[in-house]
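Peer 1: I have a structure here, written as structure tokens, and I will follow up with some questions on it.
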Amino acid sequence: MSVVGLLFLLMGAMAVGSALLVVTTARLVHSALWLVVTLGALAGCYLLLGAEFVAWVQILIYVGAVVVLLLFALMLTRAPTGVQTGLTTGNRVVAAATAGVVGLVLVTVVVAGFGGARVSVDEESVGSATSMGDAIFRHWVLPFEVLSVLLLAALVGAIVLSRGRASSGEETP
Amino acid sequence: MIAVHGSVLAQEIEIESPNIAYSAIYPILIVFGVALVGVLVEAFAPRPRRYVVQTVLAAAGLGLAFVGTVLVAGDLPETQNGLARGGIEAEGALAVDGPTLFIWGAILLLSFFSVLLFAERRLESGVTAFAGQAAALPGTEAEREASTRGLEHTEVFPLMLFAVGGMMLFPASNDLLTMFVALEVLSFPLYLLCGLARRRRLLSQEAAVKYFLLGAFASGFFLYGIALVYGYAGTVTLAGIDGAITNRVGGDGLLLAGIGLMAVGLLFKIGAAPFHAWTPDVYQGAPTAVTGFMAACTKVAAFGALLRVFYVAFGGAQWNWMPMMWIVAALTMGVGCVLTLTQTDVKRMLAYSSIAHAGFLLTGFVGVQAATRDSDDMTSLVAVMFYLLAYGFTTLGAFAVVTVVRDSSGEATHLSRWAGLGKQSPVLAGVFALFMLAFLGLPATSGFMAKWAVFTSAWAGDAQLLVIIAVLASVITAFVYIRVIVLMFFADPVGEGPTVAMPSVLTVVTIAAGVVVTVALGVAPQPVLDLAHQAGEFVR
Amino acid sequence: MPTAAAASIFPRLTRMDGYYGSYVPVLAIIVVGAVLVTAMFLGNRLLRPSRPSPEKQLTYESGVDPVGTGWAQIHLRYYVFAYLYVVFAVDAVFLFPWATVYAGLGWVTVGEMGVFIGIIAVGLVYAWRKGVLAWT
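In order, the protein sequences belong to chains A, B and C.
Sequential numbering from -14 applies to the first sequence in this note's numbering.
Sequential numbering from 37 applies to the second sequence in this note's numbering.
Sequential numbering from 2 applies to the third sequence in this note's numbering.
As structure tokens, this is what we get:
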């Protein structure tokens, strides 16, 4: 086994292990923090697979921003943050079975589809920022611009839903 | 996608900058542009003026975009031996062809009338039917204060325009990536709009949360499906996937799993069983204007996308997905019809009815009947597009009627409150009865022509069994619709009986448009059928 | 595992070029950092005396006894700050690939990026006018 293969296995094990902790831990905040580990380990996997840019996006956006958003969302609620036994319900066996079956099916599908595929990460910089830039700004311009519309719509929506008393800071006509 | 584009780029290096033909896609740009202006209006216009400015802006923008669509349709080049018209635009992201433009036209017309419903102010004595202040908790002092001050969220207009833009992109997408972005753009504002009702806010917020959670889940399925299809074909463009399927490049497992997962995402938006569970709750909880908008426009957009993906990209694997779609279509009709029978709430009844109609539409979709040169056969595409337009106007009109029947707590949506409506307001009850008959598919209404078109194409496309199921389902739902008519005209009102509030001209125009289209498409459907025929097939 | 394959990858890792090679310093820093932190904490634990008392277990708040729990419900409006952060993180992330192709594609990409940022800026203007950005 090569060093890269070993590192990949390590990252994969970390991702799966911490993902299990995300769903099994009895503390909501711990769950969010374990998610950081999961997403970070996934970023490591991406990096090792040659998807350089996606790996850094994963770290900047998901670990950096989305988890923060998640923690903010947790802090908005009145939910207690200590150990909560009620989080794990009697459905856990069914849920675990479903997750297991879905995982099995997806792994089978992916292995059947890409079993023998080989990608050389050294020769082509397929996942670099340059090739991404080329793709985005030449071929995917329209979806890229529409993404900003999506962000804007979500921002307007978030403000509509959250803006408190209209008097606070609101301009008066 | 990166790998593929890396190699494609190497060959096409002479193309320096992206080539966007604005002359073909400007209707979308108009809608998004007006939405942006709407956000700026929210930011800078003084509060009392916003409502008028936003309403006029939204209606004018949609009208302008409709005119633009007609103009674009006027000079579409013929391709594929005259079978299709149009071309691939925006670096392969959009297919602007006959069906796209027909669907754009339908969406723009329907959303124009939805704007009028959104803008209705007289029914709530001077304010719109949207929450005065969404952040104020239901039943608190802050909510009462917002209500007394007559606050209203005029942001609903730009949000709705964002959704319309997404709906236009969705069926026009020529690659799966654009399609996914479009799906999100159309869904996000809808999630928000669902939670902004002025009355029964908890129900409305519950609807929004349910719609958001299930919708996000369905989007996830759709995205996973895209990933697997990309894994199979090595490209996300629809034509590329079609080529990969024709050449049988990889293992079928990836492709089938991908098709299945993508179908979940699309069928969710359509409201087909077994992915329909959100429909009644969301349709009931959302502000009725939003419900009408969703029932009419989302269905058009999602069906357009479903048709494009499955006909253009997955057409070669037809025999693989056909059994799945058969089952879904039959199940959808069954669930829709049987559960419509048990409803006691008008909005829920209309929701289940929309599920049943999704089943009828799927019948047309499953009996794939492709066009041949110079033939006037009823193709699946023509039938489904005609059905979408007819159903859209009827359902929008029906929901508009629901906004008008009120009691002291707002809309009186419980069916028992509708008893004796015919005595109190014969015109309104007559209009609603007309919509019911159109849903039922009575001759001389648009519903009959639509069902006839769909069943004809499905019958010719060897889906006879499904047509028989569909006819049986229609017979079952007839019971519901006729029961409502009997209730309105022959039952005695319970207690005080319903009151019909006099709406402003906005709602009246919307209802009138529903009536006119329902009758016109029933009596003289030929011009619209011809139009759908002229649209031709999807470009590839 | 065939040893030939391992041999062909391992030398590449030790060289400082190639895709993986360029990440060897990153890996080295992570490893050194982890080792350092572990060593310091371990050294600390080995050398320090350990006499816990209830007072020492309290959360340190500048010498004042802490009041209440550490967890408080925050106001809804802070969520918008977090969301604005996400929006601009996404925005910034697209600037990296843009910067790499800007030289080759020229002003067209400036326009494309300008539209993208412009649309988001509309959202920022809206947020500003609604008083969301005011820290009250």
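For glycine and all other residues, C-beta sits at the position ideal for the given N, C-alpha and C.
Note that the coordinates shown come from a computational prediction; the quantities given were computed from them, not determined experimentally.
Using a Cβ-Cβ cut-off of 8 Å (strictly less than) and excluding sequence neighbours within five positions of D381 (chain B), which residues of its own chain qualify?
Peer 2: Correct list, in chain order: Q320, T449, H450, L451.
Peer 1: Quick one: grab the DSSP three-state call for A46 (chain B).
Peer 2: Unreliable positioning characterises A46 (chain B) in this predicted model, as indicated by a pLDDT of 40, which lies under 50. A coordinate reading is not provided.
Peer 1: Whose CA, out of A:A40, A:R148, A:M60, A:A84, lies closest to the CA of V1 (chain A)?
Peer 2: It is A:A84 whose Cα lies nearest to the Cα of V1 (chain A).
Peer 1: Assign R211 (chain B) to buried or exposed, taking buried as 16 or more other Cβ atoms, counted over all protein chains shown, within 10 Å of its Cβ.
Peer 2: The sequence as given places Asp at residue 211 (chain B); Arg does not occur at that position. That one is buried.
Peer 1: Below 8 Å, can you find three or more Cβ-Cβ pairs linking the segment 279 to 293 of chain B to the segment 351 to 368 of chain B?
Peer 2: Yes: the two stretches touch, three or more of their Cβ pairs being nearer than 8 Å.
Peer 1: Can you tell me whether W129 (chain C) is buried or exposed? The criterion is at least 16 other CB atoms within 10 Å of its CB, across all chains shown.
Peer 2: W129 (chain C) should be labelled exposed.
Peer 1: Beta carbons nearer than 7 Å to chain C: which residues of the segment 70 to 98 of chain B have them?
Peer 2: Per Cβ criterion, the list reads L72, V75, L76, E78, A79, F80.
Peer 1: So, under 8 Å CB-CB, V172 (chain A) and L264 (chain B) are touching, yes? Tell me the CB distance rounded to an integer number of Å.
Peer 2: Chain A is shown from -14 up to 158; residue 172 (chain A) falls before or after that span and cannot be answered.
Peer 1: Check whether the segment 225 to 234 of chain B touches the segment 132 to 151 of chain A, counting contact only when three or more Cβ pairs, one atom from each stretch, lie closer than 8 Å.
Peer 2: The answer is yes - the segment 132 to 151 of chain A touches the segment 225 to 234 of chain B, with three or more Cβ pairs under 8 Å.
Peer 1: What are the residues of the segment 116 to 130 of chain C that lie near chain A, defined by any Cβ-Cβ distance shorter than 7 Å?
Peer 2: Within the segment 116 to 130 of chain C, the qualifying residues are V116, F117, I120, I121, V123, G124, Y127, A128, R130.
Peer 1: Which chain B residues sit within Cβ distance under 8 Å of L59 (chain C)?
Peer 2: Within 8 Å Cβ-Cβ: nothing; L59 (chain C) doesn't reach chain B, min ~36 Å.
Peer 1: For L417 (chain B) and A349 (chain B), which I take to be in contact (beta-carbon distance under 8 Å), what is that distance rounded to the nearest angstrom?
Peer 2: Not confirmed; about 15 Å, so no contact.
Peer 1: So L93 (chain B) and T543 (chain B) are in contact, right, with Cβ under 8 Å, and what is the actual spacing, rounded?
Peer 2: In fact, because the Cβ distance is near 20 Å, the residues do not count as touching under 8 Å.
Peer 1: From the beta carbon of P194 (chain B), is the nearest beta carbon of chain A less than 8 Å away?
Peer 2: Yes, because at least one Cβ of chain A sits closer than 8 Å to the Cβ of P194 (chain B).
Peer 1: DSSP has T535 (chain B) in a bridge; who is on the other side?
Peer 2: Partner(s): B:R442.
Peer 1: Just checking, does the segment 142 to 157 of chain B make contact with the segment 330 to 343 of chain B on the three C-beta pairs under 8 Å criterion?
Peer 2: Touching, per the Cβ criterion.
Peer 1: Leaving out five residues before and five after F248 (chain B) in sequence, what residues of the same chain have Cβ atoms less than 6 Å from its Cβ?
Peer 2: So the list reads Y227, once near-sequence residues are dropped.
Peer 1: Could you tell me which chain C residues have their CB closer than 8 Å to the CB of T115 (chain A), listed as they occur along the chain?
Peer 2: By Cβ distance, chain C contributes P98, T101, V102.
Peer 1: Taking T62 (chain A) as the reference, which of A:V92, A:G49, A:V14 has the closest Cα?
Peer 2: Of the candidates A:V92, A:G49, A:V14, the one whose C-alpha sits nearest the C-alpha of T62 (chain A) is A:V14.
Peer 1: Taking only beta-carbon positions, decide if S153 (chain A) is within less than 8 Å of chain B.
Peer 2: Bear in mind that the predicted position of S153 (chain A) carries a pLDDT of just 42, short of 50, making it unreliable; the figure below should be weighed with that in mind. By this cut-off, S153 (chain A) is not an interface position.
Peer 1: Does the beta-carbon of L264 (chain B), which I'm using as the reference point, lie nearer than 7 Å to any heavy atom of the ligand GTP?
Peer 2: With respect to the ligand GTP, the structure offers nothing, as it holds no ligand at all.
Peer 1: Since I believe L464 (chain B) is in contact with V440 (chain B) (beta carbons under 8 Å), could you give me their beta-carbon distance rounded to a whole number of angstroms?
Peer 2: Confirmed, Cβ separation roughly 6 Å.
Peer 1: Judging by CA-CA distance, which residue of A:L27, A:S3, A:G25, A:G29 is the nearest neighbour of W19 (chain A)?
Peer 2: It is A:S3.
Peer 1: Can you name, in chain order, every residue of its own chain whose Cβ lies under 6 Å from the Cβ of A549 (chain B), other than the five neighbours on each side?
Peer 2: Here the set comprises F149.
Peer 1: Can you name the residues of chain A whose CB is closer than 8 Å to the CB of T513 (chain B)?
Peer 2: Residues of chain A passing the Cβ test: none, with the nearest at roughly 34 Å.
Peer 1: Give the residues from the segment 58 to 82 of chain C that approach chain B closer than 8 Å (Cβ to any Cβ), ordered along the chain.
Peer 2: Against chain B - using a Cβ distance shorter than 8 Å - the residues of the segment 58 to 82 of chain C are L77.
Peer 1: If we ignore side chains and look at the alpha-carbon of each, how far apart do E242 (chain B) and A325 (chain B) end up?
Peer 2: Rounded to whole angstroms, E242 (chain B) to A325 (chain B) spans 17 Å at the Cα level.
Peer 1: Does R103 (chain A) come within less than 8 Å of chain B when only Cβ atoms are used?
Peer 2: No - not a single Cβ of chain B is within 8 Å of the one on R103 (chain A).
Peer 1: Name the one or two DSSP bridge partners that L130 (chain B) has.
Peer 2: L130 (chain B) is bridged to B:E125, B:S209.
Peer 1: If the criterion is Cβ atoms closer than 8 Å, does the pair W154 (chain C) and F38 (chain A) meet it?
Peer 2: Because residue 154 (chain C) is not part of the residues shown, which for chain C are 2 to 137, the question remains open.
Peer 1: Answer yes if the segment 453 to 462 of chain B comes into contact with the segment 509 to 516 of chain B, meaning at least three C-beta pairs across the two stretches below 8 Å, and no otherwise.
Peer 2: With a cut-off of 8 Å, the segment 453 to 462 of chain B and the segment 509 to 516 of chain B do not count as touching, because too few Cβ pairs lie within range.
Peer 1: Please go through the same chain and pick out, in chain order, the residues whose beta-carbon is closer than 7 Å to the beta-carbon of V503 (chain B), but skip the five residues on each side of it.
Peer 2: Taken in chain order, the residues that qualify are T399, F491, A494, W495.
Peer 1: Tell me the rounded alpha-carbon separation between D119 (chain A) and I124 (chain B).
Peer 2: Distance between the alpha carbons of D119 (chain A) and I124 (chain B) is about 20 Å.
Peer 1: Would you verify that the beta carbon of G267 (chain B) is, or is not, closer than 8 Å to some beta carbon of chain A?
Peer 2: With 8 Å as the cut-off, G267 (chain B) counts as an interface residue toward chain A.
Peer 1: Return the residue from the list A:R12, A:A26, A:V8, A:V7 that minimises the CA-CA distance to L(-5) (chain A).
Peer 2: Cα-wise, what sits closest to L(-5) (chain A) is A:A26.
Peer 1: Can you pull the chain A residues whose beta carbon is under 8 Å from the beta carbon of V33 (chain C), in chain order?
Peer 2: Within 8 Å Cβ-Cβ: nothing; V33 (chain C) doesn't reach chain A, min ~16 Å.
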